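Just so we're aligned, residue 22 is where the sequence shown starts under our numbering, counting upward by one.
The structure appears below as structure tokens.
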Amino acid sequence: MAFVRIAMVHWKSLVLVLVPLLLLPIPLASYTKAARCGYVVLLMAIYWMTDAVPLPVTSLLPVALFPLLGVLSTEEVCVAYLKETNMMFIGGLAVALAIEHCHLHERIALKVLLLVGTSPRLLMLGFMLTTMFLSMWISNTATTAMMAPIVAAVLKELKMKSSPWGASQKRSITSITDKVSAAEEGNASSTMETEKEPVPRKSSVDADEENHEGPSQETICYYLGIAYAANIGGTGTVTGTGTNLTFMGIFESLFPHATGLNFATWMIFNVPGMLINIFLAWVWLQVLFMRLFRGGIEGGGPEASKKIKEMIHHKYEQLGPMTFHESSVLTLFIFLVLLWFFRSPQFITGWADIITDIKIKDATPAIFIVFLMYVLPANLDFLPWTVKNGRRPRRACPSLLTWKVLHERLPWGLILLLGGGFAMAKACNESGLSKWLGEQLVVLEVLPPWVLVSVICLITTFATEVTSNTAIANIFLPVLGEVSKVIHQHPLYLMMPTTLCCSYAFMLPVATPPNAIVVAVSKMKTVDMMRAGIMMNFLCVFVILILFNTLGRVMFEIDSFPEWAEVANSTESISSTSTDTPLFLSH
Numbered sequence: 022m023a024f025v026r027i028a029m030v031h032w033k034s035l036v037l038v039l040v041p042l043l044l045l046p047i048p049l050a051s052y053t054k055a056a057r058c059g060y061v062v063l064l065m066a067i068y069w070m071t072d073a074v075p076l077p078v079t080s081l082l083p084v085a086l087f088p089l090l091g092v093l094s095t096e097e098v099c100v101a102y103l104k105e106t107n108m109m110f111i112g113g114l115a116v117a118l119a120i121e122h123c124h125l126h127e128r129i130a131l132k133v134l135l136l137v138g139t140s141p142r143l144l145m146l147g148f149m150l151t152t153m154f155l156s157m158w159i160s161n162t163a164t165t166a167m168m169a170p171i172v173a174a175v176l177k178e179l180k181m182k183s184s185p186w187g188a189s190q191k192r193s194i195t196s197i198t199d200k201v202s203a204a205e206e207g208n209a210s211s212t213m214e215t216e217k218e219p220v221p222r223k224s225s226v227d228a229d230e231e232n233h234e235g236p237s238q239e240t241i242c243y244y245l246g247i248a249y250a251a252n253i254g255g256t257g258t259v260t261g262t263g264t265n266l267t268f269m270g271i272f273e274s275l276f277p278h279a280t281g282l283n284f285a286t287w288m289i290f291n292v293p294g295m296l297i298n299i300f301l302a303w304v305w306l307q308v309l310f311m312r313l314f315r316g317g318i319e320g321g322g323p324e325a326s327k328k329i330k331e332m333i334h335h336k337y338e339q340l341g342p343m344t345f346h347e348s349s350v351l352t353l354f355i356f357l358v359l360l361w362f363f364r365s366p367q368f369i370t371g372w373a374d375i376i377t378d379i380k381i382k383d384a385t386p387a388i389f390i391v392f393l394m395y396v397l398p399a400n401l402d403f404l405p406w407t408v409k410n411g412r413r414p415r416r417a418c419p420s421l422l423t424w425k426v427l428h429e430r431l432p433w434g435l436i437l438l439l440g441g442g443f444a445m446a447k448a449c450n451e452s453g454l455s456k457w458l459g460e461q462l463v464v465l466e467v468l469p470p471w472v473l474v475s476v477i478c479l480i481t482t483f484a485t486e487v488t489s490n491t492a493i494a495n496i497f498l499p500v501l502g503e504v505s506k507v508i509h510q511h512p513l514y515l516m517m518p519t520t521l522c523c524s525y526a527f528m529l530p531v532a533t534p535p536n537a538i539v540v541a542v543s544k545m546k547t548v549d550m551m552r553a554g555i556m557m558n559f560l561c562v563f564v565i566l567i568l569f570n571t572l573g574r575v576m577f578e579i580d581s582f583p584e585w586a587e588v589a590n591s592t593e594s595i596s597s598t599s600t601d602t603p604l605f606l607s608h
């Protein structure tokens, strides 16, 4: 019993020591490149899934192990850590931080709520649409943390059974957000999207709140609405979550000549699905918690709706008129989105194709806009005609974004996590491991494509409930890319739905930071999230399958095996003749 207790306390140490020893027979049985690469991949996968060490630290293992085991040179591994995809991620996050820094996201959220309406059902829709839109561009954690106090204030006006939003509760959400943000920065975004940090069971509210009953059904409905909207919203843009960027990096590595997928086509395909999922989530949560179609009560009455509108309007008025700082950031943000969308939109000639023959990717406009944010002033106090009371400012005007903000709030750990995934994918490709795995899964060719994709999507959706979203993407996507080559199925048909399903984690508090925040703030039971989330998992998978078999057939021509995939397959076949065969796994 004593040994069991010690093992339960120090299980991470046991995993760290025992796993490398237990996996040693793999490279020792056949000292091939594929065997050595497989050893590192399995080691990283187990460390990622168990969180035995912080995810970014595990992501650094390729730099040490691949050169030592003769899989890749140190230079080849290190280059993978700062690919174009990571630079695009840094640029996109920097712009998102600029939006948060000037509080523009608060102004947008309150304005949308004023426009949507103040009945309980419409308010919930307004919360979800606002959260969805913001999480397309800024961190899912920051979006949820910003919306939570607004939801609490609205619930109070509706006289629902929610926690009082006093100073102690504000400190609670700040503490919770700090912990979850630290987890996000150490593990995975945005946005994005989002790692498995232990969730505090109770927020540090006043002692007398301990005796309060659990939250009402309406309270659970509202809080789950913003958490689910934050998760779904990240699927709308390439920069929405870390898993989307992981997909783009791995996809471009496996298929460097691929055409048809960029920022514009991603949005054109995924935004409709995102909106459908938000609508289904809104309906499902109201059916489950607010008795929609069963004589549900609107609650609050006209008086409560009037108070809510006044409260939101008051909060909006407190922001004051839009500042030069906000308007400048908004202008640059819109300019960046347009640059991304029209770089190479496929339906017209993009600006990148007009100005040069050199291939320009999305990182270029992102970093250009970030540079402008560092050189443009946040106000115009330095101009002679703006001087007040004849006194000029004694300090230089700050820029729209400062290095202090970027340095302190950029999730540097996620950059390492993405880089580690790219290095692992490169090693799998160079060593021939991915090709071998794809060949072993050729038996899946007998399954109808839609059945194969359905199974993969369901496995991904439920696996990501308990494991790092980005780690799941790093493990699954290289293999699926090779499987698509072997069975001659369009790579996007296997890889893109899998990527999107990494964001469909609705059942457990530990699945994503938004889930963790709303559970801690509302004090809902995990079973409440599970009974709502399991249906959401299936609904979102169903929607993405329908979309890929309808809109996807038109946009990406998934019924045929593209020429650029044939080229990649032929190139790999030629290169693989010079690599040793993974005999340790042969039949």
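Ideal placement from N, C-alpha and C gives every residue a C-beta, glycine not left out.
This one's a predicted model, so the numbers in the text were calculated from it and none came from an experiment.
Per-residue DSSP class, three states only, for residue i
i, result
"P419", "coil"
"G113", "helix"
"Y60", "helix"
"A537", "helix"
"S80", "coil"
"M108", "helix"
"P88", "helix"
"M343", "coil"
"Q510", "coil"
"R364", "coil"
"M528", "coil"
"V100", "helix"
"F276", "coil"
"L35", "helix"
"Y52", "coil"
"S348", "helix"
"V30", "helix"
"G440", "helix"
"G502", "helix"
Buried versus exposed, by CB contacts within 10 Å (16 or more), residue i
i, result
"V25", "exposed"
"M181", "With a pLDDT of 42 at M181, under the threshold of 50, the predicted position of this residue should be treated as unreliable, though the coordinate-derived value follows. So M181 counts as buried."
"G235", "exposed"
"V609", "For residue 609 there is no data in the structure shown, the boundaries of the chain being 22 and 608."
"G459", "buried"
"K104", "buried"
"D549", "buried"
"L341", "For the sequence presented, residue 341 should be read as Gly rather than Leu. By the neighbour-count rule (16 or more Cβ atoms within 10 Å), G341 is not buried but exposed."
"T378", "Residue 378 is actually Asp in this sequence, not Thr. Classification of D378: exposed, given that the 10 Å Cβ count is below 16."
"W32", "exposed"
"Y68", "buried"
"I111", "buried"
"M157", "buried"
"F272", "buried"
"T571", "exposed"
"M213", "Any reading at M213 is ruled out, since the residue's pLDDT is 39, under 50, leaving its predicted position unreliable."
"C418", "exposed"
"V396", "exposed"
"S326", "buried"
"E218", "Below a pLDDT of 50, predicted positions are generally treated as unreliable, and E218, at 39, falls in that range; the measurement from the model is reported next regardless. E218 is buried by the Cβ-count criterion."
"D580", "exposed"
"I27", "exposed"
Span of the alpha helix (DSSP H) around residue i
i, result
"D549", "T547 to F569"
"I381", "Note, I381: premise wrong, no alpha helix (DSSP H); not H, not E."
"W287", "F284 to F310"
"R142", "P141 to S156"
"F483", "P470 to A484"
"K544", "Where K544 is concerned, there is no enclosing alpha helix (DSSP H), given that its DSSP letter is neither H nor E."
"A73", "Neither: A73 is in no alpha helix (DSSP H) and is coded neither H nor E."
"S455", "L454 to Q461"
"G573", "L572 to F577"
"A246", "A quick correction: the sequence has Gly, not Ala, at residue 246. Run containing G246: Q238 to G254, per the alpha helix (DSSP H) assignment."
"E466", "Note, E466: premise wrong, no alpha helix (DSSP H); not H, not E."
"H126", "L125 to V137"
"L176", "N161 to E178"
Per DSSP, cross-strand counterpart(s) of residue i
i, result
"L398", "Note on identity: in this sequence residue 398 is Pro, with Leu being the wrong assignment. DSSP, once it has assigned bridges, lists S420 as partnering P398."
Distance cut-off 7 Å: residue i Cβ against heavy atoms of the ligand ZN
i, result
"G371", "As far as ligands go, the structure on display features none, and thus does not contain the ligand ZN."
Any chain C beta carbon closer than 8 Å to residue i
i, result
"S80", "You won't find chain C in this structure, because it holds only one protein chain."
Check your understanding: For the segment 323–341 against the segment 367–374, are there 3 or more C-beta pairs whose distance is under 8 Å?
Key -> no
Q) Should the segment 478–492 be called in touch with the segment 517–537, which here means at least 3 C-beta pairs below 8 Å? A) By the Cβ test, the segment 478–492 is in contact with the segment 517–537, since at least three Cβ pairs between them sit closer than 8 Å.
| said: Check whether the segment 284–292 and the segment 523–543 touch, using three or more Cβ-Cβ pairs below 8 Å as the test. | reply: In short, these stretches do not touch, since the Cβ pair count stays below three.
Can you confirm whether the segment 496–504 touches the segment 537–551 when touching is taken to mean that 3 or more C-beta pairs between the two stretches lie within less than 8 Å? no
Check your understanding: If we count Cβ pairs, one from each stretch, closer than 8 Å, do we get three or more for the segment 434–441 versus the segment 138–152?
Key -> no
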